[in-house]
Every structure is written in C-alpha cells, then in structure tokens.
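A.B. asks: Take a look at the following structure, please.
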Amino acid sequence: MAEALTEVEAANRLMRLAKEIARHDKLYHDRDAPEISDAEYDALVRENRELEAQFPQLVRADSPSKRLGAAPTTALAKVAHARPMLSLDNAFSGDEVTEFVARVKRFLALPPDASVAFTAEPKIDGLSCSVRYERGQLVLGATRGDGTTGEDVTANVRTIADIPQRIEAAPDILEVRGEVYMSKADFEALNERQEASGGKIFANPRNAAAGSLRQKDPGITAARPLRFLAHGWGEMSEPLADTQYEAMKRIEGFGIPVTDLLVRCDRIEEMLAHYRAIEKARADLPFDIDGVVYKVDRLDLQERLGFVARAPRWGLAHKFPAEKAETTLKAIDIQVGRTGKLTPVGRLTPVGVGGVIVANVTLHNRDEIERLGLRIGDRVRIQRAGDVIPQVVENLTRDEPRLPYVFPDHCPECGSEAVAEEGEVDVRCTGGLICPAQRFERLRHFVSRGALDIEGLGEKSIAEFIELGWLNSPADIFRLHQHRGELLGREGWKEKSADNLFAAIEAKRQPDGPRFLFGLGIRHVGIVTAKDLFKCFGTIEELRRVALSEGGEAELSSVQGVGTVVAEALHGFFHEKHNREVLDDLLYEVSPQPFVSDAKQTKWSGKTIVFTGSLETMSRDEAKAQAERLGARAAGSVSPKTDLVVAGAGAGSKLKKAEELGIRVINEAEWAKIVAEA
Ligand code: IVH
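The working numbering puts the sequence shown at residues 712 to 1389.
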C-alpha cells in the first residue's frame, strides 16, 4: 500500500497516523477503554514504520516511532474487569461474626431469629485471579490489580495445570475467580533451587506465587509449580445455580479445583465450629491460609445485599489470630512521611514469624514508644497478622535500668522543628515543601500507581530531579521536558528513555479526577473518599469552591462516605494559601477529568429520592442502596430539589411536605417495581 503514495499523500497519512496512534495510546493507557484490537493497533504502528522507512525525510517530530519504537514495555498489559474484583471485610473474633450475621439480617429486614444459611471455606493466602472462558475456551487470565483493572496474565495462566484450557458444556461466558497459590512443599523446593542457582529467594509462598504469575515470560511461569483454587465467579452468561454452594459444585464439575473444606452452615455455631476445625487443620494443609471466609448462601440474597465501597455486604473474612515471636530492639530510626509525620521504625534482630523473616517494625508514634516503655536493647514480643505490617505488642524487659528513648523534636531530614499539634499524637515536621523528605514523598505519591500512575518516573528519577532543582512541586513534572537537553547529557539517560518518560508524562495531562485528588495527598483522602467527593462535586474546582465557602465544612461532612475528619482536612488543605498556589499551578498544566458515574444509567440517574415511614420488605439501608444502584441519591429530608418520595406505613411530616410541594409520592410496592424494571 505504501509504495502507491506520493510524497504529499505520505506526509498527510503520517500526520493522521501520528494523531490516531496518540489517541489510541491515550484510550488504552489512561482510560483503559481501547476502541481497537491489539492487532489493529499493531497494523497502524507497522504502517507508520513502513512509510517512514520509505520517506525518511517525512519523519515527524511527534512521530509515534519516536515514542514507541521497539521499546519493550516492562509492565504487563492492563485489562479492565467485566465485573469488579472485590475484597472482603475482616473480622477477628466470634463476636464480630455474630455482628456480621445480625447486620445481614437487619439489611434484609429479617427478624433476628430468622435462619440465613452461609457457606464457610478457608481463605487461601495466594493471589486473586480471574479466568475467563468464552464458549468453553480459556480466553483471558487477569490479576486483580486495583479491582477495576488488572494485568493480563493469559499466557501465564495457560501454563497452570489446575486450570483447564477448555471446558465442555460451560455457559457461553464463564468467568471463574479464585486464588493462584504455591504449595508449601513446592515453595521450599523452589527456594532451594533458587539458592543453588543464585536466583531470588522468596519470603513466603504468596510472594513466590505472585512473582511467578506476574512474569513477562510465560516460560518462567511454566517452570514454577503454581496451583489454583476457585472461590467465586465474575461475569456469567447465565446463572450457575441458586446458591453459592451449588454454584461452586458446578464449577468443580467443570474440572476446576474447589476446596473440599467448603461447607454450608445453617447456624452461627456451625460457622464458628468450622472455623475452629480449619484452624486446627491449618498446619497440616498443603497450602497457606489466613482465615475462613463466610458467604451468604442464597444468591438472590447476595444480589440484594450488594456491596459497599470495595467489599460485599454478604461476605466476611474471619482471620486467624496473629502469629507472635520474641526478639531484640536494636535501634529506632525516624522516617518522615509525605505529610511530614515522623514515624519511628524499630530495627530488630531478624526473627521468623509465621514463615516470614521480620527485621523492622513500625512503632507508630511517640505515645506508642512511651506506652511500651521502649528503650534500645529491650527484648520485645512482636506479632504479624496477615498482610498487616508487623508490630510490637509487648516489652519483655520493662524493669531493667536503661536510658529512656528521647523522641526527636526536630526533623531528621531538614532540621525544621517537629511538633505535635494539640490533641494529636503524631509529631510532624513543620518544614513543608522545604523538607526534602516531604517533597520526595509527595511527588512519589502523586505519580504512584493508585494516583496519576506515571510509568517510568520512579523513586530514583524523582530523587535525581529534586537534587537537580527541576522538581519542587507536582506541576514541575509537566515541565520536565524543558530540561530534555540537559537530561540527555546525564549518565543513564538516552534519547529513548528520556522520550519514553516524557511520553508517559504527556499521557497524563487529562488524569482521572478522583485519582488526581487522591494524588494531592490531602490527609484522610484515600481513593474511595476521593471518588465519593467527585461523585458529589464533579470537579476539583467545585470541591474547592465548597470547601472555601461559608458553612462549607458542614456541607462536605454531609456527603455520603465523608465525615467530619475528612471535611476538616479538606477545609484545612484549601485554606492554606501555599496549597492553593500549588494546585493552581498544577491545574495550569493538567485538566482532571470530571467524574463519570459507574452506576447504571437510568432515568433515575442524578435524581434525589427520599424514603420515609416504615418499609416492610426491606430495610432503609437496602432501599438507599437500591436508589444508588439506579444512579440516584437518597436524601434524608424533603426539599424542592426532591424528585420522588417513597412513603411506607405511618409516614408523617415528610409525606405532608412532599404533598405540599407537589412532589411525586409512591408506595413501597411501586418502588419495588421501579427497581425490578430498571
Ligand atoms: S471471596 C467478593 N473466598 O481474599 C469477595 N476470597 O480479602 C471475593 N481469598 O480478593 C472474595 N480465599 O483474593 C473469597 N475462599 C475465598 C478466598 C478469598 C482467598 C482472597 C481473594 C480476595 C481477598 C479478600
């Protein structure tokens, strides 16, 4: 095709290709919403390369070949999950399990003595993985990632013998979810082989499984003994069964392993008895587990219960108690975090706790050191619970005379004064952005995977650019290209690596709004809160306007998922002139995307609904959750902005007000019909 073009036509075509490829890069990397297949994309890149070979004089400054070339991507390709991969809430005691069961019944508006069946099964300490079959053929394997987007590990999953390549008589679409893990025996043997060959030694079977699955080269995965146990499913073209238990049996029937420790329980006593039985069997099981998972058995009830943030209301992980060990505290170091917080870290004589060597523990804050009476040289008891950072639970040498530890009153990084504000336990450096640790941590957070996710701007480069004076605030990231010439003169930087970095930065000029807000590092504003805030205010400018307005703090704290602590933090952040300047500067460089709701688009999207009176077939919480699923907002009081009032028995003043304002009022049965039809 290329030889048929004249020079002018080739120039035009190259211009179009540059724009097209850049657009597809953006769709793929920023939005995870590609419009074309990988093969179609590759064809565009190939066409561009061939034309450039033929007309070298026409190679454009913004040519995709300069950005992409044959540059090997270090990361695995991303893949959006058809249905989110959720996590579970944790419980650590029988009482919390009892409370969970009661909560489920309350939500379903069932009496406390009603019987609700649950399944119980081990919580496998592996790596969450989704395997998708289309018409019986394995087509995709994906890691959990952030729950919405994972990594494509299809080629690697195909090397796992537990996972069939094809399934007879499966639904057209079948997404099985479970844990990829390595058995304890295989883990020991792998580490021995690694040691003999001078390879990487893994800390535990979970890390070994993760390291083996997330490989660019499936040959490496194939050589590692990975296993799989299913515990659920994602997208399905038809329901597998009416209950969790039966659905898992069907998955087992497809030839995919399911634990034989899965049982159905009708009463809490049975759930707790199974927990104890599994705990007793734990040491003899061939794989690591860290608790027991309970799930509401009836799938129609699971559907009604839905989920909050990232965890289903119908499931719970009942964790085993932490494992403990004794060792010596050799030193206390102070780390300065992104918010200036001074965190003491205990350095220990390394000791094994539950299969992991622990050499460091967080000591949390000044009060915690005082509470434990810690001094250098003390014997301490430490504990490690699941993936929680190890901590000191007891000082075993309290009465020996030793010099007390004195907590610093100056920042070890910049020498500024370090103080604890009234009523606060945390000691913070007052240096702000002049403190290199804070600057570094803030920038690192801003570009991190959960925030802007700028690939290639790692810790080393951030440190280097701060040192050179090129990076002071996040906006400077988007001006780094001005230093291209100087950068190329530096060791370790070549045209390709520099341009890859600039391309990765350019790709984030229109970041996802919530990720951008999260990236600002405002205290207490995690990604879930950032999403809640965006859901309500739509843009960062509107959020700022509200935070700075009179009564803004109260308005903020009334947002779903936002309380007074977050509201105060936002108020504090936006009232600080320096922060406003940093943000203005940043908004000059980038345009965060307004929030797009992932709730169903229905005619109720954006509407405000008020529930009043007593509902009979569901709890108030379930009704609110239903409204949210339709994209509507459930409000507590009737105002002219209310679009619909659902009135149960005995509705009083709110009903009256709605009638006065001429707002549409319906009963519970009519509401149920709306939900069913949406
Ligand atoms: S159910 C919607 N069952 O634990 C809930 N998860 O802490 C989906 N896990 O991401 C999870 N064993 O990777 C479930 N028997 C089990 C599990 C299990 C291990 C993992 C899973 C999940 C994490 C949540």
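The beta-carbon is built from N, C-alpha and C at its ideal position, and this holds for glycine as well.
No experiment lies behind these values; they were computed from the predicted model shown.
Using C-beta distances below 7 Å, list every residue in its chain close to proline 833, excluding the 5 sequence neighbours before and after it, in chain order.
C.D. replies: Mapped onto the sequence shown, residue 833 falls at position 122. Hits under 7 Å: Thr970, Leu972, Ile989, Ile1000 and Val1003.
A.B. asks: Please state if the CB of leucine 755 and the CB of leucine 725 are separated by a distance shorter than 8 Å.
C.D. replies: Residue mapping note: residue 725 aligns to position 14 of the sequence shown, counting from 1. Residue mapping note: residue 755 aligns to position 44 of the sequence shown, counting from 1. The answer is no: Cβ separation not under 8 Å.
A.B. asks: Nearest to methionine 796 by CA position, among Glu946, Glu751 and Gly1361, is which residue?
C.D. replies: Working through the sequence shown from its first residue, we reach residue 796 at position 85. Here the closest residue by C-alpha is Glu946.
A.B. asks: Between which two residues does the alpha helix (DSSP H) harbouring valine 1276 extend?
C.D. replies: Taking the first residue of the sequence shown as position 1, residue 1276 is located at position 565. Taken as a continuous stretch (DSSP letters only), the alpha helix (DSSP H) holding valine 1276 covers 1275-1286.
A.B. asks: Based on the DSSP secondary-structure assignment, which residues constitute the bridge partners of alanine 1131?
C.D. replies: Stepping through the sequence shown from its first residue, residue 1131 is reached at position 420. Answer is Val1138, bridged to alanine 1131.
A.B. asks: What would DSSP say about proline 1225, mapped onto helix, strand or coil?
C.D. replies: Mapped onto the sequence shown, residue 1225 falls at position 514. In the structure shown, proline 1225 sits in a helix (DSSP, three-state: H, G or I).
A.B. asks: For glutamate 946, which three-state DSSP category applies?
C.D. replies: Here residue 946 refers to the residue found at position 235 of the sequence shown. Looking at glutamate 946 - three-state DSSP - the assignment turns out to be strand.
A.B. asks: Kindly give me the distance between the Cβ atoms of threonine 1050 and arginine 1150, rounded to whole angstroms, as I take these residues to be in contact under 8 Å.
C.D. replies: By 1-based counting over the sequence shown, the position of residue 1050 is 339. By 1-based counting over the sequence shown, the position of residue 1150 is 439. Not a contact, Cβ separation roughly 12 Å.
A.B. asks: Flag glutamate 890 as yes when its Cβ comes closer than 7 Å to any non-hydrogen atom of the ligand IVH, and as no otherwise.
C.D. replies: Your numbering for residue 890 matches position 179 in the sequence shown. For the ligand IVH, at least one heavy atom lies less than 7 Å from the Cβ of glutamate 890.
A.B. asks: Using DSSP's beta-bridge definition, name the partner residues of arginine 1009.
C.D. replies: Looking up residue 1009 in the sequence shown gives position 298. Note: arginine 1009 sits in a beta bridge opposite Thr954.
A.B. asks: In its own chain, which residues sit with a C-beta less than 6 Å from the C-beta of tyrosine 986, not counting the 5 before and 5 after it?
C.D. replies: Position 275 of the sequence shown, counted from the first residue, corresponds to residue 986. Closer than 6 Å at Cβ, skipping near neighbours: Val1003 and His1029.
A.B. asks: Return the chain-ordered list of same chain residues with a C-beta closer than 7 Å to the C-beta of glycine 1237, the five sequence neighbours on each side being excluded.
C.D. replies: Position 526 of the sequence shown holds residue 1237. The answer, listed in chain order, is Phe1229.
A.B. asks: Alpha carbons only, please: which of Glu1379, Glu1128 and Asp977 is nearest the one belonging to alanine 1334?
C.D. replies: For the purposes of this step, residue 1334 is taken as the residue at position 623 of the sequence shown. The shortest Cα separation from alanine 1334 among Glu1379, Glu1128 and Asp977 belongs to Glu1379.
A.B. asks: Beta carbon of threonine 1328, beta carbon of alanine 825: below 8 Å?
C.D. replies: Walking along the sequence shown from the start, residue 1328 turns up at place 617. Walking along the sequence shown from the start, residue 825 turns up at place 114. Cβ distance not < 8 Å, so threonine 1328 and alanine 825 don't count as in contact.
A.B. asks: Got a sec: does the ligand IVH put a non-hydrogen atom nearer than 7 Å to the Cβ of glycine 945?
C.D. replies: As a first step, residue 945 is located in the sequence shown; it is residue number 234 there, counting from the start. No; taking the cut-off as 7 Å, the Cβ of glycine 945 has no heavy atom of the ligand IVH nearer than that.
A.B. asks: Whose C-beta lies closer than 6 Å to the C-beta of glycine 780 among residues of the same chain, with five residues either side of it excluded?
C.D. replies: As a position in the sequence shown, residue 780 is number 69, starting the count at 1. At glycine 780, the pLDDT of 34 sits below 50, so the modelled position is not reliable; the number obtained from the coordinates is stated separately. Once the five neighbours on either side are set aside, glycine 780 has no close Cβ partner at all.
A.B. asks: Lysine 895 to glutamate 879, Cα distance in whole Å?
C.D. replies: As a position in the sequence shown, residue 895 is number 184, starting the count at 1. As a position in the sequence shown, residue 879 is number 168, starting the count at 1. So the alpha carbons of these two residues sit roughly 32 Å apart.
A.B. asks: To which residues of the same chain is leucine 1254 closer than 7 Å at the C-beta, ignoring the five residues directly before and after it?
C.D. replies: Start at 1 with the first residue of the sequence shown, and residue 1254 comes out as number 543. Around leucine 1254: Leu1244 and Phe1248.
A.B. asks: Any heavy atom of the ligand IVH closer than 7 Å to the Cβ of glutamate 886?
C.D. replies: Walking along the sequence shown from the start, residue 886 turns up at place 175. No, Cβ of glutamate 886 sits at least 7 Å from all heavy atoms of the ligand IVH.
A.B. asks: Under 8 Å: do the region 1166-1184 and the region 1207-1227 share three or more Cβ pairs, one atom per stretch?
C.D. replies: Touching, yes.
A.B. asks: Mapping the DSSP letters down to three states, classify cysteine 1146 as helix, strand or coil.
C.D. replies: Taking the sequence shown and counting its residues from 1, one reaches residue 1146 at position 435. In this structure, cysteine 1146 counts as coil in the three-state DSSP scheme.
A.B. asks: Is isoleucine 1045 helix, strand or coil when you go by DSSP?
C.D. replies: As a working mapping, residue 1045 is identified with position 334 in the sequence shown. Three-state DSSP puts isoleucine 1045 in a strand.
A.B. asks: For the beta strand (DSSP E) holding cysteine 976, just list the boundary residues, first then last.
C.D. replies: Within the sequence shown, the letter at position 265 stands for residue 976. 974-976 is the extent of the beta strand (DSSP E) around cysteine 976.
A.B. asks: Any heavy atom of the ligand IVH closer than 7 Å to the beta-carbon of arginine 1028?
C.D. replies: For the purposes of this step, residue 1028 is taken as the residue at position 317 of the sequence shown. The sequence given here has alanine at residue 1028, not arginine. Flag set: Cβ of alanine 1028 near the ligand IVH.
A.B. asks: Given 7 Å as the limit, tell me if arginine 855 has its C-beta closer than that to any heavy atom belonging to the ligand IVH.
C.D. replies: As a first step, residue 855 is located in the sequence shown; it is residue number 144 there, counting from the start. Yes, Cβ of arginine 855 sits closer than 7 Å to a heavy atom of the ligand IVH.
A.B. asks: Chain B beta carbons: is any one of them nearer than 8 Å to that of lysine 1384?
C.D. replies: Absence of chain B from the displayed structure is noted, only one protein chain being present.
A.B. asks: Report buried or exposed for lysine 1365, applying the criterion of at least 16 other Cβ atoms within 10 angstroms of its Cβ.
C.D. replies: Walking along the sequence shown from the start, residue 1365 turns up at place 654. Result: buried.
A.B. asks: Helix, strand or coil for cysteine 1247 per DSSP?
C.D. replies: What you label residue 1247 is simply residue 536 of the sequence shown in a count that begins at 1. Three-state DSSP puts cysteine 1247 in a helix.
A.B. asks: What residues in its chain sit with their C-beta under 8 Å from that of proline 822, if we drop five residues either side in the sequence?
C.D. replies: Stepping through the sequence shown from its first residue, residue 822 is reached at position 111. Cβ within range, chain order: Lys816.
A.B. asks: Identify whether methionine 959 lies in helix, strand or coil by the three-state DSSP scheme.
C.D. replies: Position 248 of the sequence shown, counting from 1, holds the residue named residue 959. Methionine 959 falls in the helix class under three-state DSSP.
A.B. asks: So, phenylalanine 1018 versus arginine 1024, is the Cβ gap smaller than 8 Å?
C.D. replies: Residue 1018 sits at position 307 when you count from the first residue of the sequence shown. Residue 1024 sits at position 313 when you count from the first residue of the sequence shown. The answer is yes: Cβ separation under 8 Å.
A.B. asks: Is the distance from the Cβ of valine 1357 to the Cβ of tryptophan 1382 below 8 Å?
C.D. replies: Taking the first residue of the sequence shown as position 1, residue 1357 is located at position 646. Taking the first residue of the sequence shown as position 1, residue 1382 is located at position 671. Taking 8 Å as the Cβ cut-off, valine 1357 and tryptophan 1382 qualify as a contacting pair.
A.B. asks: Between serine 798 and the ligand IVH, is there a pair consisting of the residue's CB and a ligand heavy atom that are separated by less than 7 Å?
C.D. replies: Position 87 of the sequence shown, counted from the first residue, corresponds to residue 798. At least one heavy atom of the ligand IVH is nearer than 7 Å to the Cβ of serine 798, so yes.
A.B. asks: Quick one, are the C-beta atoms of glutamate 1175 and alanine 1148 less than 8 Å apart?
C.D. replies: As a first step, residue 1175 must be located in the sequence shown, where it is residue number 464. As a first step, residue 1148 must be located in the sequence shown, where it is residue number 437. Against a cut-off of 8 Å, the Cβ pair of alanine 1148 and glutamate 1175 comes out as no contact.
A.B. asks: When the Cα of arginine 794 is compared with those of Glu751, Gln768 and Trp944, which residue comes out closest?
C.D. replies: Reading the sequence shown from its first residue, position 83 is the one you call residue 794. Checking every option, the nearest Cα to that of arginine 794 belongs to Trp944.
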